[in-house]
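The sequence shown runs 1 to 500 under full-length UniProt numbering.
For glycine and all other residues, C-beta sits at the position ideal for the given N, C-alpha and C.
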Amino acid sequence: MPTSPSDDAVPAAPRADDPSAGAPHSGAPYDSASRDSSPYTGTPYDLAVVGAGPAGLAAAVAAGRLGLRVALLDSAARTGGQFYRHPAPGLNARRPQALHHAWQAYAGRTRRLAALIAAGRVAHLAEHHVWAVTGAVGEWSVHTALGPDGAGERRTVRAAKLLLATGAHERQLPFPGWTLPGVVGAGGAQAVLKAGLVLPGRRIVVAGSGPLLLAVAGSLAAAGAEVPTVVEASGYVGYARRPGALAANPGKLAEGAVHGIGLLRHRIPVRTRAAVTEVHGKDRVEAVTVMRLDHDWRPVPGTEKQIACDALAVGHGLVPQLEPATGIGCATRLTPDGTHALVVDERQRTTVPGIWTAGETGGVGGAELAMVEGELAALDIAGRQGPGRESRARRRDRLRRFADAMAVAHAPRPGWTAWLGDDTDVCRCEEVTAGEVREAVGELGARDARTVKLLTRAGMGWCQGRMCGPAVDCLTGGASGTAPRRPLACPVTLERLAEG
Numbered sequence: 001m002p003t004s005p006s007d008d009a010v011p012a013a014p015r016a017d018d019p020s021a022g023a024p025h026s027g028a029p030y031d032s033a034s035r036d037s038s039p040y041t042g043t044p045y046d047l048a049v050v051g052a053g054p055a056g057l058a059a060a061v062a063a064g065r066l067g068l069r070v071a072l073l074d075s076a077a078r079t080g081g082q083f084y085r086h087p088a089p090g091l092n093a094r095r096p097q098a099l100h101h102a103w104q105a106y107a108g109r110t111r112r113l114a115a116l117i118a119a120g121r122v123a124h125l126a127e128h129h130v131w132a133v134t135g136a137v138g139e140w141s142v143h144t145a146l147g148p149d150g151a152g153e154r155r156t157v158r159a160a161k162l163l164l165a166t167g168a169h170e171r172q173l174p175f176p177g178w179t180l181p182g183v184v185g186a187g188g189a190q191a192v193l194k195a196g197l198v199l200p201g202r203r204i205v206v207a208g209s210g211p212l213l214l215a216v217a218g219s220l221a222a223a224g225a226e227v228p229t230v231v232e233a234s235g236y237v238g239y240a241r242r243p244g245a246l247a248a249n250p251g252k253l254a255e256g257a258v259h260g261i262g263l264l265r266h267r268i269p270v271r272t273r274a275a276v277t278e279v280h281g282k283d284r285v286e287a288v289t290v291m292r293l294d295h296d297w298r299p300v301p302g303t304e305k306q307i308a309c310d311a312l313a314v315g316h317g318l319v320p321q322l323e324p325a326t327g328i329g330c331a332t333r334l335t336p337d338g339t340h341a342l343v344v345d346e347r348q349r350t351t352v353p354g355i356w357t358a359g360e361t362g363g364v365g366g367a368e369l370a371m372v373e374g375e376l377a378a379l380d381i382a383g384r385q386g387p388g389r390e391s392r393a394r395r396r397d398r399l400r401r402f403a404d405a406m407a408v409a410h411a412p413r414p415g416w417t418a419w420l421g422d423d424t425d426v427c428r429c430e431e432v433t434a435g436e437v438r439e440a441v442g443e444l445g446a447r448d449a450r451t452v453k454l455l456t457r458a459g460m461g462w463c464q465g466r467m468c469g470p471a472v473d474c475l476t477g478g479a480s481g482t483a484p485r486r487p488l489a490c491p492v493t494l495e496r497l498a499e500g
């Protein structure tokens, strides 16, 4: 089955004197000395794609091949997003693809992207941190801050249509000791391995919930780490309750089998219905306590077991990154695992006219689903119908059913808050404890996360609640009905705001 628009759909390369072609952008990190101003002051693009991960990359390539002038914006220096990370050039990695699966799907699209950049059809605007979107149908303005850390000049990219592919970030559920050095996100451990070729420790426990844990444990072990165990809070029997989704996605079963074989090869046991409930150590991690969980994820007394380690890689799935979509009014829905995702129709359109989305923003489902959705969105934006669109839509729906089954199987249960002592930090940025949140709810009358934030400052720190938000929601009484709306999608200085 083809995964990209047919070559028959690719228009001839524009002539150098064609004013509609625009100036190609190298895709290199922003350099104020050599910056070409045409991406900001020239004719508005047909389409601006925010995010150059699997979804945004696939969308930009498909749209460019269908004849649209595309601006592909991303905060990183290279495409790939959180999934396809690249080792720093100075590390001279010989086989970076060995740390990824489905590398060929990514490599093929990067080759097509390079050709489209050379033809002036796509401008890859690297190291562009999108902090807000304004405008309306036909005249969107994407406001960015430039440079590796977003501290550079402010620039605005204009486009007639907009596709948001901003991905997701890890969900963390706090527990005693989780702020100790050596505790890292499960995805974070994989990220530093892919990008830095380093391990967070030598003896690493992998814990949390979700299929990412198996991939992380296998990657760490293959890189030389000792992984004494994988601790999975949910288990995998939940998948069996949706046999249709499994049968329709044999590739996912094969992928799971590959991870399982890898764990067997490295002799890594998997403990299901269990969790790390405490981390021990003085200056860094020295050991963790693992306990069995009941159906609601409450620790079962008397099941404590301490495991020596020097690092813990922990995560409970992913949370869609919804800024700047919610800031411009895109509606959200509650997902089966208690997070929020954008409301999306069968054509990948959001509830705001002129804005499409693809990938994890519509519900976490992985790189393969993200790429299919990116191509579907591009086809709709370009006004293309036909068999190619229909086959991709069927594939999208099949993968989405599996994603929903995955979300249900690994959804956190409410009893996990029993892990928390009153002195356990919940909001790391503002050092707000579980006891302070409980006091705000039980004694001060807070009934939602926003009120808790006003009373305790939980969520007011640098991460703006991305790290502590799920925990505060649970301690408040459950996930709120709507996702938070933030006017700024990422940190931006007052100096940059004053420029406008």
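Residue pairing of W140 in beta bridges, as defined by DSSP: G135 and A159.
Look at M291 here: in three-state DSSP terms it is strand.
DSSP, reduced to helix, strand and coil, places G108 within a helical segment of the structure shown. Here the segment 184–195 lies against the segment 306–313, with 3 or more beta-carbon pairs under 8 Å apart.
Relative to R155, the option among T166, L164 and S141 whose CA is nearest is S141.
Residue burial is scored here from C-beta neighbours: P353 has fewer than 16 other C-beta atoms within 10 angstroms and is therefore classed as exposed. Counting of Cβ neighbours within 10 angstroms places V290 among the buried residues, the total reaching 16 or more. In the DSSP assignment, S209 forms a beta bridge with H316. As the crow flies, the alpha-carbon of H143 is around 13 Å from that of I328. Per DSSP, the continuous beta strand (DSSP E) segment holding D425 begins and ends at D425 to C427.
Comparing alpha carbon positions, the residue from A123, P87 and L399 closest to P250 is L399. Listed as beta-bridge partners of G185 by DSSP are V314.
Within the same chain, C429 and P491 come within 8 Å of W462 by CB-CB distance, once the 5 residues on both sides are set aside. The straight-line gap separating the alpha-carbon atoms of A207 and T272 is approximately 10 Å. Looking only at A287, A63, A189 and A71, the smallest Cα-Cα distance to T43 is reached by A71.
By the Cβ neighbour-count rule, P301 is exposed, with fewer than 16 other Cβ atoms within 10 Å of its own. In its chain, beyond the 5 residues on either side, L146 have a beta carbon closer than 6 Å to the beta carbon of E153.
When the five nearest sequence neighbours on each side are left out, the beta carbons in the same chain lying within less than 7 Å of the beta carbon of P174 are those of L420, T424, D425, V426 and A471, in order along the chain.
DSSP, read as helix, strand or coil, puts E278 in strand. Counting C-beta atoms within 10 angstroms of its own C-beta, V137 has fewer than 16 neighbours from the protein chains shown and is therefore classed as exposed. Within the segment 69–94, the complete beta strand (DSSP E) runs of at least 3 residues fall at 70–73.
For A168, the uninterrupted beta strand (DSSP E) segment begins and ends at A168 to E170. If only uninterrupted alpha helix (DSSP H) runs of at least 4 residues are considered, those enclosed by the segment 452–492 are 469–476. The alpha carbon of H266 has as its nearest neighbour, out of R241, R284, W297 and A223, the alpha carbon of A223.
Within the DSSP bridge table, the entry for E439 names no partner. Cβ-Cβ distances below 6 Å link L214 to H259 in the same chain, with the five nearest sequence neighbours on each side left out; the list follows chain order. When DSSP states are grouped into helix, strand and coil, H266 belongs to the coil group.
The beta carbon of R401 sits closer than 6 Å to the beta carbons of A245 from its chain, once the five residues preceding and following it are set aside; these are given in chain order. In this structure, the CA atom of T166 is about 11 Å from the CA atom of L57. The three-state reading of DSSP puts V122 in strand, counting E and B together.
Spanning the alpha carbons of D149 and A126 requires a straight line of approximately 12 Å.
Restricting attention to L164, G218 and A168, the CA atom closest to the CA of A189 is found in G218. T451 sits away from V437, with the two beta carbons spaced by 8 Å or more. Apart from the 5 residues on each side of it in sequence, P228 sits with its Cβ closer than 7 Å to the Cβ of R203, V205, I307 and C309 in its chain, given in chain order. Classified as exposed, H295 has fewer than 16 neighbouring CB atoms from the shown chains inside 10 Å of its CB.
If you check the CB distance, E232 and V270 come in under 8 Å.
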